[in-house]
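Student: In the working numbering, the protein residues as written are 1 to 228.
Please find one structure pasted underneath; my questions will follow.
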Amino acid sequence: MHGELATLGIKVAPSTVWEILKQEGLDPAPQRASTTWADFLRSQADALLACDFIETVTLNGQRQYIPAVIEHAGRRIRVLGTTAHPTAGWVIQAIRNLVMDLEDANCRARLLIRDRDGKFPARMDGILADAGIQTVLTGIRMPRMNSMQSCRHELLDRCLLWNERHLRHALREYELFYNRHRAHQSLAQAAPLRTVSDPITDPERIADLNIRRRDRLGGVLHEYSHAA
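Below, the structure is given as structure tokens:
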């Protein structure tokens, strides 16, 4: 809630939001109360990428594999595609596309963290090394060492996805929402591709706010903005 208010340019202390929620009997989300591996990585994030496969099953019974990458410093995510058949050739092409995208964005990451999933071909590490990115493997049977959980919790666990085409559409919408609108505490309530709005200092504007909500994916995702 504090992040959405900051996005709208409404300056209010986090403690004020907490007090209001407390008065209404609303407790903080429990998963935000503990220190995670992601918190540790964030403190050393400038040179880090993390890559992981996310799995989901569409309503037509097809299992889909979604490789995604997150920049630990800027929190930007890149969904590399989705497929029912993650062959070595398909994954390698996705990694080549990633390398070109990173170069175009002038991303200076030098380390990519991934697990030991057999869907990652050995040749992938060589392609990354040629681009100056060293691969670092996470520990065995330690999935929480990676940080690609937001897409599952905020999208896949909340959607009924009919088929691969519908999944691709949902992933595009989520990537746009996550990178351009969703507020991040680690970025002082900015988004990876959006700065924090200037605070509204005019009392008349505060007293006469006209906020509009835009729903994405039938209301799974919400964006708030000032009416034109």
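Backbone N, C-alpha and C define an ideal beta-carbon position, used for all residues, glycine too.
Source: prediction; values computed, not measured.
(1) Mapping DSSP to helix, strand and coil, what is Thr7?
(2) Let me make sure I understand the geometry here. Which of Leu111, Arg212, Thr138, Gly9 has the alpha-carbon closest to that of Arg205?
(3) Of the choices Ile54, Val57, Arg76, Ile20, whose alpha-carbon is the least far from that of Ser186?
(4) Can you tell me where the alpha helix (DSSP H) holding Ser225 begins and where it ends?
(5) Round the Cβ separation of Ala109 and Leu102 to the nearest angstrom and send it over; I've been treating them as touching at under 8 Å.
(6) Between which two residues does the beta strand (DSSP E) containing Glu71 stretch?
(7) Run through DSSP, which three-state label would Arg78 get?
(8) Identify, in the order they occur along the chain, each residue of the same chain with its Cβ nearer than 8 Å to the Cβ of His222, setting aside the five sequence neighbours on each side.
(9) Figure out for me which residue from Leu209, Met124, Val17, Trp18 has the closest Cα to the Cα of Gly89.
(10) Can you have a look at Ala228 and say buried or exposed, based on whether 16 or more other CB atoms are within 10 angstroms of its CB?
(11) Going straight from the alpha carbon of Ile133 to that of Leu111, what length do you get?
(12) Just to confirm before moving on: does the CB-CB distance between Thr135 and Asp115 stay below 7 Å?
(13) Let me check one thing: in DSSP terms, what residues is Arg216 bridge-paired to?
(14) Roughly how many angstroms lie between the CA atoms of Arg165 and Asn210, to the nearest whole one?
(15) Where does Phe53 fall in DSSP's three states?
(16) On the three-pair Cβ rule with 8 Å, is the segment 47-55 touching the segment 63-71?
(17) Please report the residue range of the alpha helix (DSSP H) in which Thr16 lies.
(18) Could you check which residue in Cys51, Val220, Thr83 has the C-alpha nearest to that of Ile70?
(19) Count the other C-beta atoms from every protein chain shown that fall within 10 angstroms of the C-beta of Thr16, then say buried if there are 16 or more, exposed otherwise.
(20) Look at Ser150 and Thr7 and say whether their C-beta atoms are less than 7 Å apart.
(21) Of all the options Met1, Ala13, His72, which has the alpha carbon lying nearest to the alpha carbon of Asn179?
(22) Among Glu4, Lys11, Met1, Arg182, which has the Cα closest to the Cα of Pro203?
Tutor: Result, derived from the coordinates:
(1) On the sequence shown, position 7 is the one that residue 7 refers to. Thr7: helix per DSSP, three-state reduction.
(2) Here residue 205 refers to the residue found at position 205 of the sequence shown. Checking every option, the nearest Cα to that of Arg205 belongs to Gly9.
(3) Locating residue 186 in the sequence shown gives position 186, where the first residue counts as 1. Nearest C-alpha to Ser186: Arg76.
(4) Counted from its first residue, the sequence shown places residue 225 at position 225. Element bounds for Ser225: not the alpha helix (DSSP H) but the beta strand (DSSP E), 221-226.
(5) Position 109 of the sequence shown, counting from 1, holds the residue named residue 109. Position 102 of the sequence shown, counting from 1, holds the residue named residue 102. Cβ-Cβ separation between Ala109 and Leu102: approximately 7 Å, consistent with a contact (criterion under 8 Å).
(6) Mapped onto the sequence shown, residue 71 falls at position 71. Segment 63-71, the beta strand (DSSP E) holding Glu71.
(7) Numbered from 1 along the sequence shown, position 78 holds the residue referred to as residue 78. The three-state reading of DSSP puts Arg78 in strand, counting E and B together.
(8) Here residue 222 corresponds to residue number 222 of the sequence shown, with the count starting at 1. Take His222, set aside five residues on each side of it, and the residues of its chain with a beta-carbon closer than 8 Å to its own are Arg213, Arg214, Asp215, Arg216, in chain order.
(9) Taking the first residue of the sequence shown as 1, we reach residue 89 at position 89. If we check each option's Cα against that of Gly89, Met124 comes out closest.
(10) The sequence position of residue 228 within the sequence shown is 228, counting from 1. Ala228 comes out exposed.
(11) Position 133 of the sequence shown, counted from the first residue, corresponds to residue 133. Position 111 of the sequence shown, counted from the first residue, corresponds to residue 111. C-alpha of Ile133 to C-alpha of Leu111: approximately 5 Å in a straight line.
(12) Start at 1 with the first residue of the sequence shown, and residue 135 comes out as number 135. Start at 1 with the first residue of the sequence shown, and residue 115 comes out as number 115. Cβ distance not < 7 Å, so Thr135 and Asp115 don't count as in contact.
(13) Translated into the one-based positions of the sequence shown, residue 216 becomes position 216. Leu221, per the DSSP bridge assignment.
(14) Along the sequence shown, read from residue 1 onward, the residue named residue 165 stands at position 165. Along the sequence shown, read from residue 1 onward, the residue named residue 210 stands at position 210. The straight-line gap from Cα to Cα measures roughly 36 Å.
(15) One-based indexing of the sequence shown puts residue 53 at position 53. DSSP, reduced to helix, strand and coil, places Phe53 within a strand of the structure shown.
(16) The segment 47-55 and the segment 63-71 touch, with no fewer than 3 CB-CB distances between them shorter than 8 Å.
(17) Residue mapping note: residue 16 aligns to position 16 of the sequence shown, counting from 1. The continuous alpha helix (DSSP H) containing Thr16 extends over residues 14-23.
(18) Locating residue 70 in the sequence shown gives position 70, where the first residue counts as 1. Looking at the Cα atoms, Cys51 is the closest of the given residues.
(19) Position 16 of the sequence shown, counted from the first residue, corresponds to residue 16. By the neighbour-count criterion, in which a residue is buried when 16 or more other Cβ atoms sit within 10 angstroms of its Cβ, Thr16 is exposed.
(20) Translated into positions along the sequence shown, residue 150 becomes position 150. Translated into positions along the sequence shown, residue 7 becomes position 7. No, these two residues do not count as a Cβ contact at 7 Å.
(21) As a first step, residue 179 is located in the sequence shown; it is residue number 179 there, counting from the start. Measuring from the Cα of Asn179, the nearest candidate turns out to be His72.
(22) One-based indexing of the sequence shown puts residue 203 at position 203. Comparing Cα positions, the closest option is Lys11.
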